[in-house]
Amino acid sequence: MRDAECVRFLRWALPRMRLHWPGFRKVRGVVCKRVARRRGALGLADIDAYRALLERDASEWRVLESLCPIPISRFWRDRAVFGGLEDDVLPALAQAASAAGRAALECWSAGCASGEEPYTLAMLWRLRLQAGFPGLRLRVLATDIDAPLLQRAARGCYRASSLRELPPELLAQAFERAGELLCVRPEPRAGVEFARQDLRAELPAGSFDLILCRNLVLTYFEPRLQEETMRRMMEHLRPGGALVVGLHEEPPAALEGLAPWPGLRATYRKGGA
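Sequential numbering of the sequence shown, starting at 1, is according to our numbering.
In structure tokens form, the structure reads like this:
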């Protein structure tokens, strides 16, 4: 399938799934290859035949949706973000939770892919911060739309390339070797749970001290859906809680009650604490 044909198809299909073409522009090759394989598996002659199938068979849209997620995930991705979480954000949130008499610091990793982000957060807490807050445990809910990725996340085993940015002391403390793979030890796994969710349709119940939503809603969702989803997310963020987005993302201007966390990139605090 030629690039121009794929671009034309994506420009037609993505808005119908409330997805945003500009977010896919640089990664369109990945989606195009998946669509081409799907078309071939169905025995369809060209992309126009696949479009015709979509127009007459609503169930095929669910298949197409499963071909669109772009998982780019690794441990300690964007070290400045995790440096800020370690030095400032998590201690501040932990102090507030302790002062309120809560037993757990509640975190949500939205769009967790194969689990690197929530495990990074858990090992950072377990191995570097928990000793300062002995009465407080960390709970991380990690959600994604992709069931196979969630199965990989639950296994918690990775190739070395996924861990190349992780500080060496965390790598040594948090992983054990299993053949060619490195697997997260039981201690950092504690408190991390995975669930399948489509953020366009549902959000998890409960309130969170920290929400990480990086390179998902504000990149791949259409603008109106970005605002709708972020507003619903903010309903689940406690006053004084923190929102972390991608380094090149900003919350919608119409979203009220968020202020940049002083001195940190891509991190915002909800007012009302």
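Just so it is clear, CB atoms sit at the ideal spot from N, CA and C, and this is done for glycine as well. Bear in mind that the values here come from a model prediction, so they are computed numbers and not experimental data.
Secondary structure of residue i, DSSP reduced to three states
i           : result
residue 9   : helix
residue 132 : helix
residue 72  : coil
residue 211 : strand
residue 270 : strand
residue 102 : coil
residue 217 : helix
residue 265 : coil
residue 238 : strand
residue 114 : coil
residue 27  : coil
Buried versus exposed call for residue i [16 or more other C-beta atoms within 10 Å across all chains shown]
i           : result
residue 207 : exposed
residue 138 : buried
residue 42  : exposed
residue 72  : exposed
residue 162 : buried
residue 29  : exposed
residue 214 : buried
residue 177 : exposed
residue 235 : exposed
residue 150 : buried
Beta-carbon gap between residue i and residue j smaller than 8 angstroms
i           : j           : result
residue 251 : residue 245 : yes
residue 241 : residue 257 : no
residue 227 : residue 19  : no
residue 21  : residue 11  : yes
residue 60  : residue 67  : no
residue 140 : residue 153 : no
residue 1   : residue 65  : no
residue 143 : residue 94  : no
residue 84  : residue 264 : yes
residue 31  : residue 24  : yes
residue 200 : residue 166 : no
residue 124 : residue 175 : no
Paired residues, beta bridge with residue i - DSSP
i           : result
residue 176 : 183
residue 140 : 107, 192
residue 244 : 212, 267
residue 258 : 270
residue 19  : 221
residue 279 : This structure gives no information on residue 279, because the portion of the chain shown stretches from 1 to 273.
residue 158 : 182
Segment contact, 8 angstroms Cβ cut-off, at least three pairs: the segment 175-188 with the segment 133-141: The segment 175-188, when compared against the segment 133-141, does not touch it at the 8 angstroms Cβ threshold.
Any 3 or more C-beta pairs closer than 8 angstroms across the segment 100-112 and the segment 76-86: The segment 100-112, when compared against the segment 76-86, does not touch it at the 8 angstroms Cβ threshold.
Inter-stretch contact (C-beta, 8 angstroms, three-pair minimum) for the segment 46-53 and the segment 86-94: The segment 46-53 vs the segment 86-94: no contact.
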